[in-house]
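Beneath this line is the structure, given in structure tokens, with notes to follow.
Number of protein chains: 2
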Amino acid sequence: MGKQLKITFIHLADASPNSRCCLNLKAGEAASGDQHDLCSKDGQKHMDYILTYSTKKLFSDLHPSLSLKEKTCCLSCCQPCARDQSLRKYHGGTQKQSLRSQEEEKVLCREEFEDNLKKMGLHLEKDESNRISGVGFLKIHAPWDILCREAEFLKLKMPTKEFYQATPQHKMRKLNAFFKRITAPLLPNVGDTETEDIKKVCYPFSREKLHLSHSTYYSTVCMQCRTLTVNLFLQVLYREWASYSNFYKYQPISLIRKYFGEKIGLYFAWLGLYTQMLIFAAIVGVLVFLYGCITVDDDIPSMEICDKRNNITMCPLCDKSCSYWKLTMACGTARASHLFDSTATVLFSIFMALWAAMFMESWKRRQMRLNYMWDLTNFEEEEVSNEYFAALHAKAAKLTWRDRMPAYMTFIFLMTFAILFGVIIYRVTTQASLQMSSMPSIRANVRLTVKSTAVIINVVVILILDEVYSKIARWLTILEVPKTDKSFEQRLILKTFILKFLNAFSPIFYIAFIRGKTANTASSYGVLFKQSFSPQCAHTGCLMELCIQLSITMLGKQLIQNNLFEIGIPKLKKLIRRIKTKRAPVQEEQDDKDLKRYEADFFLEPFVSLNPEYMEMIIQFGFVTLFVASFPLAPLFALLNNVIEIRLDAKKFVAELRRPVAARAKDIGIWYNLLRGISKAAIIVNAFVIAFTSDFIPRLVYQYGYSPDGTMHGFINHTLSYFNVSHFQAETHPLQPLHLGYKVEVCRYKDYRMAPWSFNPYDISKVYWAILAGRLAFVIIFQNVVMLLSDFVDWVIPDIPKEIITRIYEEKMQMVEFFMREEHSLYSMPMLDNQDENRPTPQLRRS
Amino acid sequence: MGKQLKITFIHLADASPNSRCCLNLKAGEAASGDQHDLCSKDGQKHMDYILTYSTKKLFSDLHPSLSLKEKTCCLSCCQPCARDQSLRKYHGGTQKQSLRSQEEEKVLCREEFEDNLKKMGLHLEKDESNRISGVGFLKIHAPWDILCREAEFLKLKMPTKEFYQATPQHKMRKLNAFFKRITAPLLPNVGDTETEDIKKVCYPFSREKLHLSHSTYYSTVCMQCRTLTVNLFLQVLYREWASYSNFYKYQPISLIRKYFGEKIGLYFAWLGLYTQMLIFAAIVGVLVFLYGCITVDDDIPSMEICDKRNNITMCPLCDKSCSYWKLTMACGTARASHLFDSTATVLFSIFMALWAAMFMESWKRRQMRLNYMWDLTNFEEEEVSNEYFAALHAKAAKLTWRDRMPAYMTFIFLMTFAILFGVIIYRVTTQASLQMSSMPSIRANVRLTVKSTAVIINVVVILILDEVYSKIARWLTILEVPKTDKSFEQRLILKTFILKFLNAFSPIFYIAFIRGKTANTASSYGVLFKQSFSPQCAHTGCLMELCIQLSITMLGKQLIQNNLFEIGIPKLKKLIRRIKTKRAPVQEEQDDKDLKRYEADFFLEPFVSLNPEYMEMIIQFGFVTLFVASFPLAPLFALLNNVIEIRLDAKKFVAELRRPVAARAKDIGIWYNLLRGISKAAIIVNAFVIAFTSDFIPRLVYQYGYSPDGTMHGFINHTLSYFNVSHFQAETHPLQPLHLGYKVEVCRYKDYRMAPWSFNPYDISKVYWAILAGRLAFVIIFQNVVMLLSDFVDWVIPDIPKEIITRIYEEKMQMVEFFMREEHSLYSMPMLDNQDENRPTPQLRRS
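The listed protein sequences derive, respectively, from chains A and B.
For the first sequence, the numbering used here gives the first residue as 196, with consecutive numbering after it.
For the second sequence, the numbering used here gives the first residue as 196, with consecutive numbering after it.
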């Protein structure tokens, strides 16, 4: 890995709205200031791409953001040199010698690379000015015929002279017009973008059919536009997109795509749609929460808990140090629990599962629409073999799964570690804060605040681990030696996702399903009841604690990651880079004015990949869907975060990063599968949360199976079993038995067990089994009904909008006709005598 | 619907191996006999397609097999006439007048249609001989330039001069060679087919690039081959494919595709793969059955049932007419049940779920491989609007869901009807045969044979209903007025599938999940136990009855549908057609010799669609997967059936049908989704069968929760509750209480209830709830584990074989290089000075 040559690509189009392209000059505009930066010395050729290389400190700092692809690009041309070098190393030689020879070799390598570029037909020009010490610039120009040839191989679709006007759908026209008037203020003010209804008919570029193009000159411009700085775009983007004041507006997606390429365009389109869909979820979530607030006073179980007349003495919650307590002390928690654990929550879980299915469907449709608008319908992504790893593969002729075994094993170990560590961190923090306040005066209500501080510590640990895990995942992926770039990215994403997911969610899963479940099952049939009061959730189930953990983890992650990491760290990095090139910050402003556009852009942070952005959103999607049954406000928090996130990302892309190389993409790739996986998992997780973590099923069973009058009255009493304090085992007696002021003979605890005076004391009661059967039945019904509904949504909503199918078909037909007409004017076609009136009927053509 | 003109397309290539094409003649072969049939009168042009029309009886018989597409093709050209006619009708006119005028109009319509064909550049030639009364023939020839133009629009891939040789994978070479030697005798002997490793590099046809084609003359042949009779093919197909003696061989798929087109090729490839996969399932199924046979003597529960010492008196199985019986009488059934209900069955269910997932994956890979071999990788299917329905849509300007409402409602009604009717038929037949033998002498073992006869009657009714339902589904789909042909087909398939599925499976679902479950739950808490012994399954659960129903339904459907319907009915139809054209069967042989090839083929059955073939297989797939937990031999039966089915279908396509119009297709369409749906449903159905229909869970619960010594001893006693005969309600006493020879005071029945002497007599016991919880937990675990495993299989096995990815990529690279070379020899490319040594590095081209 130490052999890479430091050649950095700076993409021509850069981040501040000052540069212009030569094409604009040609078109007759006045040239001023630094507009000549990107022209060749004779002012005739426009520079399309700029490479940088290190001229001095060869070894010191590998550019931190060189993507693998770029690295291997260098490597592949350097292979002969590298081979020589390793040979030389093998034959011995001092460290100093090798350092010097390496330096020389790198120059040789660079020259070979440049030669190869020239052989491909590219024009190169060196920037000799050398204003920034240690950095050299190499300008590249791609001539017209090279562009044409490549466009033909890539089957780029080019516009013809023909326009396609979508036939407006009759019945929807009024509705559409109304909708357009309503949403008009929400549209970004980007001037004369193409309207959706008129579109140039496009065809896969072919040099033979150049005469059909919209206009030869225009198509030149258009082809270059994809890689050229277009001044206007950036100004518009800066004003209409990357500003917080536009938070309520749609994003100018087609402009984003024109400037940044399809891949980044798709990310923002996806983020936009996700945020839009979150609005509905947030509204319903807030309504569910409000429903809980309104009905909290009518909730019979919490009324019974708060009722002082009931005077129920509860058993201690831990051995020795805890003492008996009164149920009324849990009043506050019980009322708070109700806010999140009402009947509406069950409906909300179903709603959110369908919402997720709807979201996936909407995205598929939106993606298809964008594919059509961006002429990607026939585009097929290619697997580009990663030549760095390909070289490794070639070396180690057979690379089987055995060689990858260590990487796999490490990953499995790491997964286990992530799970355990997550839970341990949670338990340690909780225990520590509990210990701090485990004096006899502890009150059920105070516990909440104690827990909250514990969770905050927990979140900080999670955030630190997050960074560690992503580094490890990258390291492990490199160990696995994947063959192609796509495979590398997929493996990396999958690993990072699994580790980050486990990191964030393992404490939450622990609270939801394990804690408080293991506590009372130690006793077995016939043996004397051994009551060990291990840490339990509050009386009304673990739902409240789950809710606290969820909300704080989610908020913490969002606030800290967004503000600290996304804004702070890039600024820090920029500072470090400037310091490294040894310019005093005082000089900076003066220097900045002198520098050419691309020289100034060298100090910007390079674009690495979209993966961290997606990752953040996917984990958030997990918070929104996975445990929504216990925290209906999650969509609201996510919405608020994302409204900011969009503009934050926009600012970053427009002003803080070098312009990324535009990449074509048809879809969001593996992220879609991860989303799908999460929304599938969400169904079963929510089923279990409702069945086992909340009190929904016991209440239902009580109301319809055991209640004497069909109401919830008596429910609390029904859930509490009796315990005779004389049955306490040695050393587990509470130290302060008289804490409540009277001697306790029988206390109550939350479980379904036989009374001490029954035939089988402390044995699991029939009610327990009935309720368990109820819970399990609920899981089966919920899971299958919701899965069926999701599949139904998936099936009913067509993946490709009807309108787009019609338009693709009509456009194709129009293109065929257009070609026929053009052909007629070129060749003479004897069989088409009167082709104006009687165009061939289409059905036979399509047979 | 009465307005269609009778124009039938007879596809040129026909079913008997006698005809030759003019191209072969050109190539220098001797012309003999009827080889001139398909040439134009001057012997120069080859006829590509033949249309037939009715010359006399215009109204009498609409050709029964006219596909909708063909009908509308006629309609669309007739629309002006039809409009005139309706106008005339509006102005009045006698019935006779209109009949005559309709006849005339049809001739006009036909002439207009022919004119349109001519305008498209096709050459027409009428067959004036008129040998078959009432039928006219119109030969069509498509000239070379028309073929080229259409090929260009269809982006047909054509072979170039370049060959692509797949690089053999190093490590697999030996294994592959071994595998090839092993499978050599299984390969069909089809002579010189292309080997898989060498393939012509193909490119989307373009007239400008004609010089790149493999050979101009060859590509002509190749293009026409798709629609031409190639004598050799058919002989080979007849010998190597459509013969039962080849039952153990692979099918010559590439030949099938060349002769019948991709769509039919895919069907046979799919059927072949399915049959191949069934071999594994059948072997494992037989092993599971054998395991049951071997362990039947060690099965403690059936030993206890058969043990005469246990002497358990059972309560009567029905009111009044039934009497008490001894448990030992159920010995035979219990032992038979064990054959299908051993622990191995659970593992087999899991295996079959994974098998289904593997099958789906294998098919995806096979499909992809075929797509690559057949150069379909870039082919996109087009939605062809069905112009008959399009005309209806245009008439009724807005056709909303309201207009389709009646069709939808009818369908929902029909579904309900199908379910109920299926169950009712089952109950009636069972009841009738039970009544026949409900004398007191009834023995538990005799019941099986009685039931079997009931099931056979049931199957016959199912088969009759099957035909009725498919007619109704077609009618309903036409009512719905779908817009495109694809939509028509999909709707039709879905409807037919749902109805046929419900028809076949509703009695089975009834037996598995409803029968015997409702019997004992009538009692409610606190009310005196009301024991109503409604028809119950035998003692060891309903599994045995389920098994009988399944096996007989499956075998019956296969035997009757295969032999009677698929072989008999086509022969009958052919006979009827001959009679209709009024030729005495005596003349037949003489006539056959005189007739031209296409005239003789007119008497063959036309090809309608593949749907019935697929439907049969999908329903069979349902039998194989859905209830496999109760009938492990199902895959074996399916395998035996399919081995015959392949050759039967082959014979039909080669010798009994007119040659179908070759259609391109990339996949098997909606059938794949149906398969996927069934394999998903299979998981949950099998989970429920094991949990609720079999005794698997009660045994587990007994063994690990209640057994005093951890064995199954005492299990039977544990499953039986006590009933005090003095608690029989009035009129439910058995009429012959002394049937067993002694007075019964307490009898036993199969349920988990409290004893008559307990605190809550006949109340559901705790064991019941525990077992219910166990059953439900099993369903959840089974469903989710198996679903996860299936998804894992889906994820681990890549949809596109690695080898194919490499080959597609390499072929593309080779094509690019080939084009570059060709280009260099045509234009002069200044930037490629020494392109032989330094070919442009690929990575920049792909950026």
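Beta carbons are placed, not taken as given, at the ideal position from N, Cα and C, and that holds for glycine.
Note that the structure is predicted; figures quoted are calculated from it, not measured.
Any chain B beta carbon closer than 8 Å to residue i
i: A:Val1011; result: yes
i: A:Phe348; result: yes
i: A:Ala968; result: yes
i: A:Leu971; result: yes
i: A:Trp964; result: yes
i: A:Asn1043; result: Outside the shown range of chain A (196 to 1042) lies residue 1043 of chain A, about which nothing can therefore be said.
i: A:Ile652; result: no
i: A:Lys961; result: yes
i: A:Glu403; result: yes
i: A:Met992; result: Here the sequence assigns Ile to residue 992 of chain A, which means Met is not the residue at that position. False, the Cβ-Cβ gap to chain B never drops below 8 Å.
i: A:Ile879; result: yes
i: A:Phe484; result: no
Coarse secondary structure for residue i, derived from DSSP in three states
i: A:Met739; result: helix
i: B:Phe358; result: strand
i: B:His934; result: coil
i: A:Leu770; result: helix
i: B:Glu499; result: helix
i: A:Tyr486; result: helix
i: B:Leu317; result: coil
i: B:Phe797; result: coil
i: A:Gly331; result: strand
i: A:Glu469; result: According to the sequence displayed, residue 469 of chain A carries Tyr and not Glu. Reduced to three states, the DSSP call for A:Tyr469 is helix.
i: A:Leu349; result: coil
i: A:His336; result: strand
Bridge partner(s) assigned by DSSP for residue i
i: A:Asn919; result: A:Val941
i: A:Thr1098; result: The structure shown does not extend to residue 1098 of chain A, since chain A spans only 196 to 1042, so no value can be given for it.
i: A:Cys397; result: A:Pro354
i: A:Lys521; result: A:Thr508
i: A:Ser249; result: A:Val330
i: A:Leu852; result: A:Glu800
Chain A contact for residue i (CB, 8 Å cutoff)
i: B:Cys273; result: Annotation note: pLDDT 34 at B:Cys273 (below 50); position unreliable, no value reported.
i: B:Val803; result: no
i: B:Glu457; result: no
i: B:Val974; result: yes
>> Taking 8 Å as the cut-off, does the stretch 495 to 503 of chain B touch the stretch 550 to 568 of chain B (at least 3 CB pairs, one atom from each stretch)?
In response: no
>> With three or more beta-carbon pairs closer than 8 Å as the criterion, would you say the stretch 514 to 530 of chain B touches the stretch 803 to 811 of chain B?
In response: no
> Which whole runs of the alpha helix (DSSP H) in the stretch 940 to 993 of chain A are 4 residues long or more, in chain order?
Replying inline: 961 to 991
>> Count Cβ pairs between the stretch 911 to 929 of chain B and the stretch 850 to 866 of chain B that sit closer than 8 Å; are there 3 or more?
In response: no
> If we count Cβ pairs, one from each stretch, closer than 8 Å, do we get three or more for the stretch 480 to 487 of chain A versus the stretch 889 to 898 of chain A?
Replying inline: no
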